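K.L.:
Quick one: the structure is below, questions incoming.
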Amino acid sequence: MKCMYCGCSDSKVIDSRATEDGLSIRRRRECSECGRRFTTYETIETTPILVIKSSGMREVFDENKIKNGIIKSCEKRPVPMYKIDKLIDDIKKQIYNSLDQEVTSKQIGEMVMEGLRDIDEVAYVRFASVYRSFKDVSSFMKELEKLIKK
């Protein structure tokens with residue numbers, strides 16, 4: 021790591037500790053040449069995941085879009101926020117653990133529906149009604165029958 025003051029590439033680590041969020045490590049360093057101290061942060065480098073939309077367009081994976089959809093479907097339901105956050109974390113882990121750099125919006129939608137089915141059936145039906153774009157009552161009833169069977 022180059023010293024920001026003199027440009028020397030030799031420094032020693034004086035102190036290391038995890039940041040509050042636990043996602044990076046803060047290192048306090050001292051330059052071997054000029055003796056000045058500076059701080060660096062070490063984080064995990066992730067490859068961006070692209071979402072393939074139904075139109076064929078690709079966009080960068082954004083967990084906030086999932087969160088907003090789940091919150092909308094859970095509106096006025098007794099679903100605590102920690103369960104929503106856990107579902108989002110589980111979906112993110114599934115996506116990153118697949119080792120694929122691309123995932124379809126259909127796969128993400130199915131993951132959300134699977135998770136919501138376990139959390140709250142009404143939220144599941146709400147999400148499914150928007151996600152599956154039910155055209156009529158019979159298609160809606162088919163989805164309800166699937167839920168009842170499970």
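Residue numbers (this note's numbering): 21 to 170.
Idealized CB from N, CA, C, for every residue including glycine.
This one's a predicted model, so the numbers in the text were calculated from it and none came from an experiment.
1. Given this structure, state the Cα-to-Cα distance separating D105 from I86, to the nearest angstrom.
2. Give the secondary structure of S36 by DSSP, where H, G and I count as helix, E and B as strand, and everything else as coil.
3. Can you say whether R146 is buried or exposed, counting buried as having 16 or more other CB atoms within 10 angstroms of its CB?
4. In chain order, what residues of the same chain lie with their CB nearer than 7 Å to the CB of L43, ignoring the 5 residues before and after it?
5. Check for me: the beta strand (DSSP E) holding Y61 runs from which residue to which?
6. Exposed or buried, which one is G76 when buried takes at least 16 other CB atoms within 10 Å?
7. With a threshold of 16 other CB atoms inside 10 Å of the CB of Y102, please say whether the residue is buried or exposed.
8. State yes or no: is the C-beta of M133 within less than 8 Å of the C-beta of Y144?
9. Helix, strand or coil, according to DSSP, for E50 in the structure here?
10. Let me know the secondary structure DSSP gives I168 once reduced to three states.
11. Look up S44 in the DSSP assignment and give the residues it is bridged to.
12. Please look up how many angstroms separate the CB atoms of K112 and E83, rounded, as I've assumed it's under 8 Å.
13. Measuring alpha carbon to alpha carbon, tell me which of R48, P68, I34 ends up nearest L119.
14. Grab the span of the beta strand (DSSP E) containing L70 for me, first residue to last.
P.N.:
Short version:
1. Spanning the two alpha carbons is a distance of roughly 10 Å.
2. If DSSP states are grouped into helix, strand and coil, S36 belongs with the strands.
3. The residue is buried, with at least 16 neighbouring Cβ atoms inside 10 Å.
4. Excluding the 5 residues flanking it on each side, L43 has same chain C-beta neighbours closer than 7 Å at T63, in chain order.
5. Where Y61 is concerned, the enclosing beta strand (DSSP E) starts and stops at 57 to 63.
6. With fewer than 16 neighbouring CB atoms inside 10 Å of its own CB, G76 falls in the exposed class.
7. Classification for Y102: exposed.
8. With contacts defined by Cβ atoms closer than 8 Å, M133 and Y144 form a contacting pair.
9. When DSSP states are grouped into helix, strand and coil, E50 belongs to the strand group.
10. Note: I168 maps to helix in three-state DSSP.
11. S44 pairs with T63.
12. With a contact defined as Cβ atoms closer than 8 Å, K112 and E83 qualify at about 6 Å.
13. Taking only the C-alpha atoms, the option nearest L119 is P68.
14. For L70, the enclosing beta strand (DSSP E) has its first and last residue at 70 to 72.
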